[in-house]
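K.L.:
This structure is in structure tokens; I'll ask about it shortly.
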Amino acid sequence: MALKEVRRRNPDLLQQRVAVDVTGGKKPMGIGLAKAAYVLGLDTVYVNSTYTANKRVEGSQQLEEMPEPYQLFGDIQSAEAERLWRSHDYAGAARIYDALGTLPDLSVTDCDRYLALATLASAYAA
């Protein structure tokens with residue numbers, strides 16, 4: 301709710317490059333904040349540290365941008381490709397499936413499946 305209140309008080313928030321830090325707090329709070337950031341279109345960051353004997357090594361903190369899992373694994377793009385396929389825009393679906401087939405974080409099986417769908421959609425487009 302705090303993120304929603306910040307946005308209400310600052311309506312131009314999304315016009316700036318703003319990120320939320322999900323480092324602290326309990327796990328459910330971090331998950332909730334990350335979901336809210338996604339809905340609001342904000343970047344998510346995490347402060348990563350190195351630990352030795354359960355103590356943080358001073359000066360080891362690094363700010364890391366957290367990738368958006370829906371984009372990382374192609375879920376949103378895949379849904380859009382399916383929507384295009386159902387509306388008979390096979391060329392558009394082929395373009396998306398082809399891009400999905402080259403995502404570095406997907407399994408070989410998923411990449412092969414997307415590339416096969418790209419080939420099929422291209423055939424329908426032809």
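With the numbering used here applied, the sequence shown corresponds to residues 301 to 426, in that order. Beta carbons are placed, not taken as given, at the ideal position from N, Cα and C, and that holds for glycine. From a predicted model like this one, the values you see are computed outputs, not experimental measurements.
Run through the region 321-370 for me and flag every whole alpha helix (DSSP H) of 4 or more residues, listed as ranges in chain order.
P.N.:
Those alpha helix (DSSP H) runs which fall completely within the region 321-370 and span 4+ residues are 327-340.
K.L.:
Can you tell which of S422, D375, N348, T419 has its C-alpha closest to the C-alpha of G359?
P.N.:
Checking every option, the nearest Cα to that of G359 belongs to N348.
K.L.:
Between the alpha carbons of N354 and Q361, how many angstroms are there, rounded?
P.N.:
Whole-angstrom Cα-Cα distance: 15 Å.
K.L.:
Please list the terminal residues of the continuous alpha helix (DSSP H) segment that includes T419.
P.N.:
Taken as a continuous stretch (DSSP letters only), the alpha helix (DSSP H) holding T419 covers 408-425.
K.L.:
Take A336 as the anchor and find which of A319, P404, K326 has the nearest alpha-carbon.
P.N.:
Minimum Cα distance to A336 is reached at A319.
K.L.:
On the premise that A379 lies in contact with S422, defined as a C-beta separation below 8 Å, what is that separation, rounded to the nearest angstrom?
P.N.:
Their Cβ separation, rounded to whole angstroms, is 20 Å, which puts S422 and A379 out of contact at 8 Å.
K.L.:
Spatial neighbours of T350 within its chain, please: C-beta separation below 8 Å, excluding the five flanking residues on both sides.
P.N.:
R356, V357, S360.
K.L.:
Residues bridged to A319 by DSSP?
P.N.:
Its beta-bridge partners are D343.
K.L.:
In whole angstroms, give me the CA-to-CA distance for T402 and Y414.
P.N.:
If I take the Cα positions, the gap works out to 9 Å.
K.L.:
Count the other C-beta atoms from every protein chain shown that fall within 10 angstroms of the C-beta of Y397, then say buried if there are 16 or more, exposed otherwise.
P.N.:
Burial call: buried.
K.L.:
How far does the alpha helix (DSSP H) with S378 in it reach, from first residue to last?
P.N.:
Counting along the chain, the alpha helix (DSSP H) containing S378 begins and ends at 375-386.
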